[in-house]
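I have placed the structure first, in the form of structure tokens, so that the comments after it can refer back to it.
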Amino acid sequence: MLTLEQFMEIQILYKQGMSRRAIAKKLGISRNTVRKHLEAISLPVYSNRQPQPSKLDPFKPYIQHRISTARPNNIPASVIFDEIVQQGFTGSLSLLRQYIRTTKPTPIPEPVVRFETAAGHQMQVDWGTMRSGSQPIYAFLATLGYSRMLFVTFVDNMKFETLKQCHMDSFDFFGGVPGEVLYDNMKTVVLQRDAYARGRHCFHKGLWQLSKDYGFVPRLCRPYRAQTKGKVERMVSYVRHSFYIPYVTRLNDGCKAVTLPTLNYEVKRWLHGKANVRTHATTQARPIDRLEEEQHYLLPLPHWSQLPLATGGQLSEFDMAPIHHDLAVYDALCREVR
């Protein structure tokens, strides 16, 4: 029986244009299973099952002892199998091998290798806490992997409905939807990592519905390896130090309160006037220019959610200083606001 996550992924991949044969090959299931779930009109309903005892349970202490006393050498599973059969084990060798794999020590992580994302393939998202306390301010950031086009919006909570709206706003901002969205361990995204098997996670049902409506596949970066989501991780620091701190300190100097509407108005000006028109250090190109190419590979917005993509020309112009002179940028901003 397929999990809810697999059911939704079949629907989304088919919506992205993949054939039934390709979906079956990608997910390791039969074409008949793909056809059956594409024709289903509702999500499968599952009941909670109590864990069943394993035939191997009585023999696990003996197996663990044999494995630990032999280290750093390994005893073949077939040898241990013969030994526990003599003790009364009636299960299969494959069951034993599956258990032995879970007892192996965690391998040393391999170095992270930088890879570049194909146009339209991936968007990375993350939260950044700008202000904590009783009146918190959080920044939602989304970065397209190919163009490095950045979207930022500020909110006062990280609830799912807020996260959902942030996604919708980012897709409107980019003028399309990527094939997949990469997340860290957000509580409003993943309910349980590896819930069904390694790499098969239990996602928030609302996220699956959102992904089905827009056509993207949710993905998780590897645990404790947030650097695999590095494009947006670096952007959190960039937004904090190149926009938020300079802007808020200017307001504080003028004894003005920080409000979400003002923050979101000014950050959009900053995105169009600075962040997305600078030459990116990795791509050596402006994100806004690469976005023109990437938009050809993005999935179209749902017909009920199509909004025009904002451009720098829709915003009033003001002089921008180099990135390492942040306060000069906000001098210009404040002059424009006044």
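Under the UniProt record's numbering, the first residue of the sequence shown is numbered 1, with each subsequent residue one higher. Virtual Cβ for every residue (Gly too), placed ideally from N, Cα, C. Only a predicted model underlies this, so the values are computations on that prediction, with no experimental measurement involved.
Tell me the rounded alpha-carbon separation between residue i and residue j.
i	j	result
Tyr-5	Trp-208	Rather than Tyr, the amino acid found at residue 5 in this sequence is Glu. When rounded, the distance between both Cα atoms is 8 Å.
Asn-276	Ile-288	6 Å
Ser-237	His-204	27 Å
Val-34	Ile-10	7 Å
Thr-102	Leu-56	13 Å
Lys-104	Leu-251	56 Å
Ile-137	Trp-127	10 Å
Gln-124	Lys-187	16 Å
Glu-317	Glu-293	Here the model assigns Glu-317 a pLDDT of 40, short of 50, so the residue's position is not dependable and the matter cannot be decided.
Ser-219	Val-181	The sequence given here places Arg at residue 219; Ser does not occur at that position. Distance between the alpha carbons of Arg-219 and Val-181: 6 Å.
Gln-122	Ile-63	44 Å
Met-235	Glu-39	41 Å
His-241	Thr-262	18 Å
Gln-165	Leu-210	10 Å
Met-18	Arg-286	32 Å
Glu-161	Lys-25	34 Å
Ser-134	Asn-185	24 Å
Val-152	Asn-264	8 Å
Pro-246	Cys-202	40 Å
Asp-82	Gly-91	11 Å
Which two residues bound the contiguous alpha helix (DSSP H) that contains residue i?
i	result
Pro-246	245-253
Pro-218	It is not in any alpha helix (DSSP H) - Pro-218 instead sits in the beta strand (DSSP E) that spans 217-220.
Arg-290	287-294
Thr-129	Per DSSP, Thr-129 belongs to no alpha helix (DSSP H); it is in the beta strand (DSSP E), 122-131.
Gln-96	According to the sequence displayed, residue 96 carries Leu and not Gln. Where Leu-96 is concerned, the enclosing alpha helix (DSSP H) stretches over 93-103.
Val-277	Here Val-277 belongs to no alpha helix (DSSP H), and DSSP marks it neither H nor E.
What does the Cβ neighbour count give for residue i, buried or exposed, with the cut at 16 atoms within 10 Å?
i	result
His-296	exposed
Cys-255	exposed
His-37	buried
Ala-142	buried
Leu-93	exposed
Thr-69	exposed
Asp-156	exposed
Pro-61	exposed
His-303	exposed
Asp-253	exposed
Thinking C-beta only, is residue j closer than 8 Å to residue i?
i	j	result
Ile-217	Phe-243	Going by the sequence as given, residue 217 is Val instead of Ile. No, Cβ-Cβ distance for Val-217 and Phe-243 is not below 8 Å.
Gly-179	Gly-120	yes
Ile-12	Lys-212	yes
Leu-271	Phe-154	no
Leu-96	Ala-77	yes
Gln-16	Leu-299	yes
Phe-171	Leu-301	yes
Gln-87	Phe-59	yes
Val-258	Val-248	yes
Val-177	Gly-215	yes
Ile-80	Arg-66	yes
Tyr-146	Ala-118	yes
What whole-angstrom Cβ distance do residue i and residue j have, given they're in contact under 8 Å?
i	j	result
Met-149	Phe-174	6 Å
Leu-144	Leu-291	7 Å
Which two residues bound the contiguous beta strand (DSSP E) that contains residue i?
i	result
Asp-156	Looking at the DSSP string, Asp-156 is not in any beta strand (DSSP E), and its letter there is neither H nor E.
Ile-137	137-144
Thr-69	Thr-69 -> not in any beta strand (DSSP E); alpha helix (DSSP H) instead, spanning 60-70.
Val-181	180-183
Is any heavy atom of the ligand FAD found at a distance shorter than 7 Å from the C-beta of residue i?
i	result
Gly-128	No copy of the ligand FAD appears in this structure; indeed no ligand is present at all.
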